[in-house]
Amino acid sequence: MKYLVVISAFLLLAASCPAQTITLNNDLIFGNVFPGIPMTITKYSVGSAAEFHVAGTSGAEISIQFALPTYMHGSGFNIEMIFFETDCSIDTLASPSQTSPLFDNLNPWTTLVYRLGSAGLTLWLGGTAIPKVVQPPGSYTATIVLTVAYTGA
Amino acid sequence: MNKRGVGRKFAAVVVVAIICFSLSVTSVRAQDVATGTATATVLAALSVIAAQNLIFGNIYQGVAATVANNIDASSGIFNILGQGSAGISISIVLPQFIALANGSDRMTIGFSSTDATVDSNNTTPATVVAGDGWINTNPNNLPAGTVIGAAGQTNIYLGGRVYPSVDQTAGAYSGDIILTVAYNGT
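As they're listed, the protein sequences go chains A and B. Under the numbering used here, the first residue of the first sequence carries the number 29, and numbering increases by one thereafter. Under the numbering used here, the first residue of the second sequence carries the number 5, and numbering increases by one thereafter.
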């Protein structure tokens, strides 16, 4: 019986540390862009700004790190991209607000450290595309990588 | 149960516990990575073609000559090509005179506030109507609401007037008309 208690304790311990998971809710979508006219998508732009949701242990601290592209690519051509130091926002409330986030104007180029709320954490990312005047028409894409990890705190 | 039996049972329990723990722990990832995508669709680039010069033809000394903006064979014609229905800003730099190639003589040229027509329906100077754009508008202040036609083209038709002096040197005169177009993002 004593041993069964030990096993149960192990299982309980393991079950109390759920993995954090990231869900991509929305890509960063610039839509139609005119040659020569920079296009900015703000982090408040619902349906256009990138949106990720992180789920995990409520109250646990996590580190958040972006790998941001500097260009979008298409048909052998590039469009320059810019991410400013205020292009990210985070909300840890159960009902996160993209237009009025709890933590605003965050720098996506640095490692961000926040605690998961009861419903996890939602973060948004805006950005700017700089097409050239002679930018060839067509579709351009780039990859945004988000990595989160528990800090143990 | 003897000591050996207890020891075996304990060992078995420990092995099971370790296996269970390992199975549980392997489901806990140290980190997670997600990949999003940034996407954009670049629209057609703008281009401008001077399809036809503003042609005054033969003129007489001391007799002003006018070319209207609705003459297929002699009005100045610019074609602007780009993304259909996109808003554009247009400016025209008009010359104040035209000159002989060697620069030895000049002739005054003028443009009135009705010498331009904007045609977003790709007709011709002679057939364009008000519904196609703006008729007889000011070339020095073209309408702010100008768009590329739905088919991807807008034309500008230009007229003007020259004033040869009574002792104007005979010869071929010319001057540059510069049309600049840019998307305005609308």
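In this text, a Cβ means the ideal position worked out from N, Cα and C, and glycines have one as well. Computed from a predicted structure; not experimentally measured.
In the displayed model, B:Ala134 falls within a helix according to three-state DSSP. Going by C-alpha positions, A:Phe94 is about 14 Å away from A:Thr150. For B:Thr184, no CB of chain A lies under 8 Å from its own CB, so it is not counted at the interface with that chain.
Identification of residues in the region 48-64 of chain B having a C-beta nearer than 9 Å to some C-beta of chain A yields Ala48, Ala49, Leu50, given in sequence order.
Within the same chain, and ignoring the five residues on either side of A:Pro136 in sequence, the residues whose Cβ sits closer than 7 Å to its Cβ are Phe94, Leu96, Phe111, Asp115, Cys116, Leu153. For A:Gly166, the uninterrupted beta strand (DSSP E) run begins and ends at 166-178, by DSSP. For the 8 Å CB-CB criterion, A:Ala77 and B:Ala42 do not form a contact.
Excluding sequence positions up to five before and after B:Gly163, its CB lies within less than 6 Å of the CB of Val71, Ala72, Asn73, Ser79, Asp119, all in the same chain and listed in chain order.
Judged by their CB atoms, B:Met111 and B:Val166 are nearer to each other than the 8 Å cut-off.
Excluding residues up to 5 positions away in sequence, Thr184 lie with their Cβ nearer than 6 Å to the Cβ of B:Ser95 in the same chain.
Only those residues of the region 161-179 of chain A whose C-beta falls short of 8 Å from the nearest C-beta of chain B are listed: Val161, Val162, Gln163, Pro164, Pro165, Gly166, Ser167, Tyr168, Thr169, Ala170, Thr171, Ile172, Val173, Leu174, Thr175, Val176, Ala177, Tyr178. The beta carbon of B:Gly40 falls within 8 Å of a beta carbon belonging to chain A, placing the residue at that interface. Listed along the chain, the chain A residues whose CB falls inside 8 Å of the CB of B:Tyr187 are Phe62, Pro63, Gly64, Ile65. Between B:Ile84 and B:Pro99, the C-beta gap is not smaller than 8 Å, which leaves the two residues out of contact.
At least one CB of chain A lies nearer than 8 Å to the CB of B:Ala44.
Taking all protein chains shown into account, A:Asn60 has fewer than 16 neighbouring C-beta atoms within 10 Å of its C-beta and is therefore exposed.
Excluding five sequence positions before and after A:Ala83, the CB atoms of its chain that fall closer than 6 Å to its own CB belong to Thr49, Gly148, given in chain order. Judged by DSSP in its simplified three-state form, A:Asp115 adopts coil rather than helix or strand. Measuring C-alpha to C-alpha distances from A:Gly87 to each of A:Tyr142, A:Leu134, A:Thr98, A:Gln126 identifies A:Tyr142 as the nearest. DSSP, read as helix, strand or coil, puts A:Trp137 in coil.
Neighbours of B:Ala90 in chain A, taken as residues whose beta carbon is under 8 Å from its own, are Phe62 in chain order. Contact of A:Ile118 with chain B is not assigned, every C-beta pair being separated by 8 Å or more.
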